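Structure first, commentary second.
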Amino acid sequence: MLRNANILTFDPDRPRASAVALAGDRILAVGGEEVAALATAATEAIDLGGATLIPGFNDAHAHMEREGLKRLRPSLTGARSVGDILERVRALAAETPPGQWIVTMPIGTPPFFFDGAATLAEGRPPDRHELDRAAPDHPVYIPGLFGNWGKPPGHSALNSRALALNGITAASLPTCAGVEILKDARGEPTGVIVEHNSRPTVEFDLLPAVPRFGFAERLEGVRLSQRLYNAQGTTSIYEGHGSAPQTISVYRRLWELGELTVRVGLVVSPSWADIAEARRAMRDWLAHARGAGLGDPWLRLSGVHIAYGGDPAVACCARDNLPDTGWSGFVEQALTPADFREACFLAAEHDLRLHTIVSDRLHEVVPVLEAVNERHPLSGRRWVIEHIGRARLSDLEALKRLDVLVTTIPTYFLWKGGAAYLDEPDGGDLVVPHAHLLRLGIPTAIATDNIPHDPFFTLWSVCNRLERTSGRVIGPDQRLDAETALRLFTVAGAALTFDEGWKGPLRPGFAADLAVLSEDPTAIDPDRLRDLRCRLTLVGGRIVHRGGL
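According to this note's numbering, the sequence shown is numbered sequentially starting from 92.
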């Protein structure tokens with residue numbers, strides 16, 4: 092029993108309440124004093140002292156497989172000079188057996204690593220010779236940032252042992268564009284590699300000897316991630332960008348062990364190399380992902396992510412490195428517009444839900460969906476369009492006609508990358524156009540994209556729409572009030588996994604997934620939303636996080 096609460100139920104039949112009774116993994120009753128009176132001597136009652144209780148966050152594009160991995164490598168946070176970094180490398184060398192790799196997190200301050208090597212006193216990362224002196228008996232690798240967290244370029248640094256083990260010489264050339272091996276006046280590698288790509292290719296392309304995250308590390312990483320997401324009030328996630336085979340295997344193992352504390356919805360990230368292979372895979376190997384897919388209330392697999400565009404060289408390198416996917420957790424793809432169109436028709440033919448990221452190219456994808464719809468009606472299939480950046484109103488209207496679902500990444504497009512939209516002719520009114528999507532009645536869910544994994548930061552982004560470098564508002568009329576944004580971030584995502592009949596709103600018979608917040612988001616200034624904290628999280632009626640109650 093949770094009582095003396097300010098409950099936002101998102102149940103239209105009873106939007107507000109003060110008490111909720113739980114029985115097992117479901118909600119027994121929601122209401123006022125009449126619910127509190129149901130308590131018996133055997134009831135565990137928690138007095139929330141007026142705190143706000145909401146349905147748990149359903150992060151509709153979570154990348155939860157990443158967050159815990161960041162805790163498995165030594166941090167360089169707080170280093171302000173090359174000397175600071177070398178001191179940390181020396182300390183790591185002292186506790187690492189000779190010959191074993193030393194691999195750290197990137198230079199800079201998490202979660203974004205925006206400051207990076209440029210803010211070190213020397214304005215650069217350490218070179219191979221400096222790292223040699225700090226760790227003469229170990230190969231050392233300091234990776235560049237993962238651009239989806241922050242902004243490229245990233246600067247990787249290796250010592251001489253690491254360069255030699257990876258075969259990096261004066262003659263080495265990257266296969267993938269956007270990678271630069273820095274060299275000294277004699278033409279020899281300095282040990283620094285600059286990556287201009289958002290999703291780094293340097294390890295896939297040039298560094299085969301660098302230790303990868305194996306199955307055991309990824310398993311431990313998700314265990315850590317669950318605790319971190321639960322601590323933010325997140326009770327469900329959805330991975331629409333797709334999950335590679337190893338990522339799916341990790342979640343499957345945790346499900347087998349009964350260790351999931353976040354409900355997980357996964358989408359297949361395919362490793363096919365061409366349309367012919369895609370045709371065989373969809374026909375012969377993905378029956379389990381058709382329609383609503385397979386699963387239970389804790390783990391469900393449904394649909395396939397098909398990329399629009401991509402770099403063939405990057406996709407080839409990524410496939411060659413499987414099962415490793417680096418930080419991404421999915422398999423890089425590269426499809427021409429013609430191949431994308433054919434893949435969409437194949438997905439419809441085999442009842443595989445399409446998930447695709449459109450960014451600013453929704454106007455190129457919509458005609459493909461309309462063509463598919465003529466042969467294979469999309470209504471009820473729950474195809475998903477993700478990562479909408481700049482859109483056109485006519486294309487949004489088409490999504491409504493096609494009965495397509497949408498997920499948005501407001502922090503990515505509005506705050507982190509919003510500089511690209513500051514001078515839109517309409518003031519950004521059609522950039523991540525939440526108000527237009529809701530006015531048209533398009534099912535929409537919002538997500539963090541793990542940049543960062545904190546839902547309160549994303550909530551703040553949705554309601555304020557501030558670009559990070561200028562503080563300017565992008566599309567002021569598209570700002571949402573906190574209660575509407577919370578609905579998109581909690582109950583709306585259940586439709587992505589066909590779970591809206593038992594998960595989401597706080598109503599009798601529904602899942603006992605809920606979060607208690609430090610303040611009422613609907614009663615504070617929108618600028619303070621990112622300061623909210625989660626005090627208690629329950630998933631399936633079980634307390635999975637207690638932070639102040």
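Here a beta-carbon is modelled for each residue, glycine too, at the ideal position from N, C-alpha and C. From a predicted model like this one, the values you see are computed outputs, not experimental measurements.
Run of the beta strand (DSSP E) containing phenylalanine 350, from where it starts to where it stops: A small fix is needed here, since residue 350 is glutamate in this sequence, not phenylalanine. Per DSSP, glutamate 350 belongs to no beta strand (DSSP E) and is neither H nor E.
Using 8 angstroms as the Cβ pair cut-off and three pairs as the minimum, do the segment 241-256 and the segment 279-297 touch? Yes, since at least three Cβ pairs between the segment 241-256 and the segment 279-297 fall closer than 8 angstroms, the two stretches touch.
If you follow the alpha helix (DSSP H) that proline 458 is in, where does it begin and where does it stop? Going by DSSP, proline 458 is part of the alpha helix (DSSP H) stretching over 453-466.
Out of curiosity, what's the CA-to-CA distance linking phenylalanine 205 and glycine 123? When rounded, the distance between both Cα atoms is 48 angstroms.
Residues bridged to glutamate 330 by DSSP? Per the DSSP secondary-structure output, glutamate 330 pairs in a beta bridge with His152, Leu357.
Report yes if the C-beta distance between proline 280 and leucine 254 is below 9 angstroms; otherwise report no. Taking 9 angstroms as the cut-off, the Cβ atoms of proline 280 and leucine 254 count as close.
Local Cβ density within 10 Å of glutamate 178, reported as buried at 16 or more and exposed below that: With fewer than 16 Cβ atoms within 10 Å of its Cβ, glutamate 178 is classed as exposed.
Beta carbon of leucine 99, beta carbon of glutamate 440: below 9 angstroms? It is not a contact, given that the beta carbons lie outside the stated cut-off.
Under the three-state reduction of DSSP, which class applies to leucine 163: helix, strand or coil? Reduced to three states, the DSSP call for leucine 163 is coil.
Between asparagine 464 and methionine 155, is the Cβ-Cβ spacing less than 9 angstroms? It is not a contact, given that the beta carbons lie outside the stated cut-off.
Grouping DSSP H, G and I as helix and E and B as strand, with all else coil, what is isoleucine 533? Coil.
Applying the 10 Å Cβ sphere with the 16-neighbour rule, what's the burial state of histidine 220? By the 16-neighbour rule on beta-carbons within 10 angstroms, histidine 220 is exposed.
For a minimum of 3 consecutive residues, which ranges assigned as the beta strand (DSSP E) are wholly contained in the segment 233-313? Inside the segment 233-313, DSSP marks whole beta strand (DSSP E) runs of 3 or more residues at positions 245-249, 270-274, 280-286, from first to last along the chain.
For proline 524 and leucine 577, I'd like the C-alpha separation in whole angstroms. If I take the Cα positions, the gap works out to 16 angstroms.
Do the CB positions of threonine 326 and proline 596 come within less than 9 angstroms of each other? No, Cβ-Cβ distance for threonine 326 and proline 596 is not below 9 angstroms.
Where glutamate 433 and histidine 229 are concerned, what is the direct C-alpha to C-alpha distance, given to the nearest angstrom? Going by the C-alpha atoms only, they are around 49 angstroms apart.
Starting from isoleucine 176, trace the beta strand (DSSP E) in both directions and tell me its first and last residue. Premise fails: isoleucine 176 lies in the alpha helix (DSSP H), 173-185, not in any beta strand (DSSP E).
So, under 8 angstroms CB-CB, leucine 721 and valine 564 are touching, yes? Tell me the CB distance rounded to an integer number of Å. Beyond the ends of the chain as shown, which are 92 and 640, falls residue 721; an answer cannot be given.
May I ask which residues mark the beginning and end of the alpha helix (DSSP H) holding asparagine 97? Counted as a single uninterrupted DSSP element, the stretch harbouring asparagine 97 is not any alpha helix (DSSP H) but the beta strand (DSSP E) occupying residues 97-99.
Assign glutamate 477 to one of three DSSP states: helix, strand, or coil. Judged by DSSP in its simplified three-state form, glutamate 477 adopts strand.
Where glutamine 323 and glutamate 311 are concerned, what is the direct C-alpha to C-alpha distance, given to the nearest angstrom? Each residue's Cα considered, the two are about 19 angstroms apart.
Quick check: the segment 494-501 against the segment 469-482, are there 3 or more CB pairs under 8 angstroms? Taking 8 angstroms as the limit for Cβ pairs, the verdict is that the segment 469-482 does touch the segment 494-501.
What whole-angstrom Cβ distance do glycine 140 and asparagine 95 have, given they're in contact under 8 angstroms? Taking C-beta atoms under 8 angstroms as the contact rule, glycine 140 and asparagine 95 qualify, at a distance of about 6 angstroms.
Helix, strand or coil, according to DSSP, for threonine 628 in the structure here? Assigned with DSSP and collapsed to three states, threonine 628 falls in strand.
Per-residue burial, proline 361 [other beta carbons within 10 Å of its own, 16 or more giving buried]: Counting Cβ neighbours within 10 Å, proline 361 comes out buried, since at least 16 surround it.
If leucine 319 sits next to glycine 159, beta carbons under 8 angstroms apart, how far is it from one beta carbon to the other, in whole angstroms? Right, the Cβ-Cβ distance comes to about 7 angstroms (below 8 angstroms), so this counts as a contact.
Beta carbon of leucine 183 nearer than 9 angstroms to that of threonine 195: For leucine 183 and threonine 195, yes; Cβs fall inside 9 angstroms.
How would you label alanine 307, buried or exposed, when you count the other beta carbons within 10 angstroms and need 16 or more for buried? With fewer than 16 other Cβ atoms within 10 Å, it is exposed.
Mind reading off the beta-carbon distance from alanine 631 to alanine 603? Whole number of angstroms is fine, and I expect it under 8 angstroms. Just to set this straight, residue 631 is glycine in the shown sequence, not alanine. Sure, about 6 angstroms apart at Cβ, within 8 angstroms.
Work out the CA separation of leucine 357 and glycine 190 for me, nearest whole Å. Approximately 39 angstroms, taken between the alpha carbons.
Under the three-state DSSP convention, the category glycine 509 falls into: Look at glycine 509 here: in three-state DSSP terms it is helix.
Excluding the five sequence neighbours on either side, which residues of its own chain have a C-beta within less than 7 angstroms of the C-beta of serine 289, listed in chain order? If you ignore the 5 residues before and after serine 289, its C-beta comes within less than 7 angstroms of the C-beta of Gly238, Asn239, Pro243, all in its own chain and listed in chain order.
Does arginine 381 come out as helix, strand or coil in the three-state DSSP assignment? Correct three-state label for arginine 381: coil.
Mind listing, in chain order, the continuous beta strand (DSSP E) runs of no fewer than 3 residues lying wholly within the segment 535-617? Counting only runs of at least 3 residues, the segment 535-617 fully encloses the following beta strand (DSSP E) elements, listed from N- to C-terminal order: 535-537, 605-608.
Cβ contact check for the segment 508-516 and the segment 483-490: 3 or more pairs under 8 angstroms: Not touching, per the Cβ criterion.
Quick one: using the 10 Å Cβ neighbour count with 16 as the cut-off for buried, is alanine 268 buried or exposed? Exposed is the call here.
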